[in-house]
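Number of protein chains: 2
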Amino acid sequence: MTADALHPVTGLDDVVHQRVRLGILTIAHEACRVEFGYLRTQLQLTAGNLSQHLGVLETAGLVALEKGYEGKRGRTWITLTPAGTHALAAEISRLKQLIARVTLDDQP
Amino acid sequence: MTADALHPVTGLDDVVHQRVRLGILTIAHEACRVEFGYLRTQLQLTAGNLSQHLGVLETAGLVALEKGYEGKRGRTWITLTPAGTHALAAEISRLKQLIARVTLDDQP
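Sequences listed follow chains H and P, in order.
Letter 34 of the first sequence, counting from 1, is numbered 34 in the UniProt record's numbering, and no numbers are missing.
Letter 94 of the second sequence, counting from 1, is numbered 94 in the UniProt record's numbering, and no numbers are missing.
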């Protein structure tokens, strides 16, 4: 069986496809540089849950975390790495293939 | 914050969005009624792993499993329930929203 014959989901990477992480990557892609608290609000997560998912993405080299201060408050900013941008593009491309299959099937 | 202001991933259901389960649902949607061994090959899974994910989908009422025989060989067939069809449609709709956001951002 060639790779083309396999279903598009076999090409999805769980590190990127997981719901919360896909959210983090798309928001970081939209915003270039995004603050931890903003991500938490947008994705409706606890700080612990968000930290855990950011850890997975950082370990995979898909995001970079930068700690600093805004006034006296500690802040963490998240940016996509080039590998993260590439991984998000690959995920979106697979999702488009998947959607095309489901949608085609609905046509008469 | 209204529901519309939240990121599209907050509306994704992990039961449906998980990579393997999304594969099962889309193949079952394409094929109407799909045999266990076919799913296993298409999704490149072990029998145990596929069974586990089918269990999650069956518990959620999204697929129905039917056991029977083809000649002397035991077979399991999988069909989408109406709730499964609805859940897949909701997932696809959210993925389209997500893709639109990422793609829009790439425009000048």
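For glycine and all other residues, C-beta sits at the position ideal for the given N, C-alpha and C.
Partner residues on chain P for residue i, Cβ-Cβ distance less than 8 Å
i, result
"residue 96 of chain H", "99"
Partner residues on chain P for residue i, Cβ-Cβ distance less than 9 Å
i, result
"residue 19 of chain H", "9, 10, 12, 13, 14, 17 and 18"
"residue 43 of chain H", "6, 7, 9 and 10"
Proximal chain P residues relative to residue i, where beta-carbon distance stays under 7 Å
i, result
"residue 61 of chain H", "Here the premise fails: no neighbours, minimum Cβ distance about 20 Å."
"residue 92 of chain H", "99 and 102"
Alpha-carbon to alpha-carbon, residue j and residue i
i, j, result
"residue 18 of chain H", "residue 19 of chain P", "8 Å"
"residue 73 of chain H", "residue 52 of chain P", "45 Å"
"residue 68 of chain P", "residue 36 of chain P", "12 Å"
"residue 16 of chain P", "residue 30 of chain H", "25 Å"
"residue 3 of chain H", "residue 11 of chain P", "Because the pLDDT of residue 3 of chain H is 48, which lies under 50, any placement of that residue in the model is unreliable, and the question is left without a value."
"residue 101 of chain H", "residue 71 of chain H", "51 Å"
"residue 54 of chain H", "residue 82 of chain P", "36 Å"
"residue 9 of chain H", "residue 66 of chain H", "33 Å"
"residue 86 of chain H", "residue 21 of chain H", "14 Å"
"residue 14 of chain H", "residue 56 of chain H", "11 Å"
When the options are compared against residue i, the one with the closest alpha-carbon
i, options, result
"residue 76 of chain P", "P/28, P/41, P/34 and P/13", "P/34"
"residue 39 of chain H", "P/90, P/6, P/79 and P/84", "P/6"
Residues bridged to residue i [DSSP beta-bridge criterion]
i, result
"residue 66 of chain P", "P/77"
"residue 30 of chain P", "Paired residue(s): none; residue 30 of chain P is not in a bridge."
"residue 35 of chain H", "H/77"
9 Å Cβ cut-off: residues of chain H touching residue i
i, result
"residue 23 of chain P", "7, 8, 9, 10, 12 and 98"
Contacts of residue i in chain H (Cβ-Cβ under 7 Å)
i, result
"residue 81 of chain P", "The premise fails here: residue 81 of chain P is roughly 16 Å from chain H at the closest Cβ pair, so nothing lies under 7 Å."
Check: So, do the segment 52 to 63 of chain P and the segment 91 to 100 of chain H have three or more beta carbon pairs nearer to each other than 8 Å?
Finding: Result no; under three Cβ-Cβ pairs closer than 8 Å.
Next item on the list: Check whether the segment 84 to 94 of chain H touches the segment 28 to 46 of chain P, counting contact only when three or more Cβ pairs, one atom from each stretch, lie closer than 8 Å.
Entry: No, because fewer than three Cβ pairs between the segment 84 to 94 of chain H and the segment 28 to 46 of chain P fall closer than 8 Å, the two stretches do not touch.
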